[in-house]
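Residue numbers (our numbering): 503 to 753.
Virtual Cβ for every residue (Gly too), placed ideally from N, Cα, C.
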Ligand code: BTN
């Protein structure tokens, strides 16, 4: 089945490259870039042999995983370019809720969780005025196929709903949502805070945030329009711009 993209998504993502297996769709997108591929080129694969995650981790991608990378020109001020990663997480969250009826939610900055387990992750890489937004979603894999180390922490749409989901439909839904979000972002240059917060259930919960070789513990107040996490530590507020959150307690 082919992708079913909205008119906006077709204009924003004019070229879609399909693969069955690659090392990493982010690598493929950079390869496309070096060959002069147009802005908005999308690479989609059903599996990866060397999928990359954030913080140098690997992303396990057996067949049945949606692996998708979008090559785009950075037209916004460079310091705002990371917001697109949060938009990608939001697009996944909205899409799987709408398509599969599951209550997926965001863990800052761009992980998508279901029942406390990770369903999807986003890796944004930048080079020479371009970025690749890499999105991985565990769609039709069994949790056991992700390997023993992820068994307690990851989930898949198959595991959560008891049925398989067409990869093309899932990819189309995400690209259609992302086209809207990126279109608005280019105009506003900010994260749609209200939209993000609709899917972010961690306000008022305690968290430890690992960033810049430090750990800060505090209470999450929300996110701001730059995409930063607002943390209350004692009487102060800290804006965390990147890092890893460990939720200490969820209310
Ligand atoms: C994370 O949560 O650590 C980010 C995971 C990102 C995985 C995706 S899958 C498509 C793209 N290709 C990669 O090698 N990584 C990203």
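- Closest in C-alpha terms to residue 596, from the list 676, 717, 566, 563, comes 676.
- For residue 679, the uninterrupted alpha helix (DSSP H) run begins and ends at 669-690, by DSSP.
- In the structure shown, the three-state DSSP call for residue 728 is coil.
- The three-state reading of DSSP puts residue 585 in helix, counting H, G and I together.
- Going by C-alpha positions, residue 660 is about 11 Å away from residue 604.
- Note on residue 688: under 16 other CB atoms within 10 angstroms of its CB, so exposed under the neighbour-count rule.
- Judged by beta-carbon spacing, residue 581 lies beyond the 9 Å limit of residue 548, meaning their Cβ atoms are not closer than that value.
- Residue range 527-536 is occupied by the alpha helix (DSSP H) that includes residue 528.
- DSSP places residue 663 in the uninterrupted alpha helix (DSSP H) bounded by 659-663.
- Residue 613 places its beta carbon less than 9 Å from that of residue 624.
- The alpha-carbon of residue 537 is positioned some 26 Å away from that of residue 561.
- The distance from the Cβ of residue 680 to that of residue 606 is about 15 Å, inconsistent with a contact at the 8 Å cut-off.
- Of the residues 513, 514, 519, the one whose Cα lies closest to the Cα of residue 504 is 519.
- In this structure, 708 is the residue among 529, 708, 725 with its C-alpha nearest to the C-alpha of residue 718.
- For residue 593, the closest C-alpha among the options 575, 551, 579, 638 is that of 638.
- Assigned with DSSP and collapsed to three states, residue 719 falls in strand.
- Residue environment analysis places residue 567 among the buried positions, since at least 16 neighbouring C-beta atoms fall within 10 angstroms of its C-beta.
- With a cutoff of 9 Å on beta-carbon distance, residue 731 and residue 711 are scored as near each other.
- For residue 706, there is no enclosing beta strand (DSSP E), since its DSSP letter is neither H nor E.
- Listed as beta-bridge partners of residue 569 by DSSP are 547, 638.
- When beta bridges are read from the DSSP output, residue 613 appears opposite 609.
- Setting aside the 5 residues that flank it on each side, residue 556 is surrounded in the same chain by 625, each with a C-beta closer than 6 Å to its C-beta; the list follows chain order.
- The residue among 509, 599, 531, 727 with its C-alpha nearest the C-alpha of residue 662 is 599.
- With fewer than 16 other Cβ atoms inside 10 Å of its own Cβ, residue 513 counts as exposed.
- Residue 527 and residue 672 have their C-alpha atoms roughly 17 Å apart.
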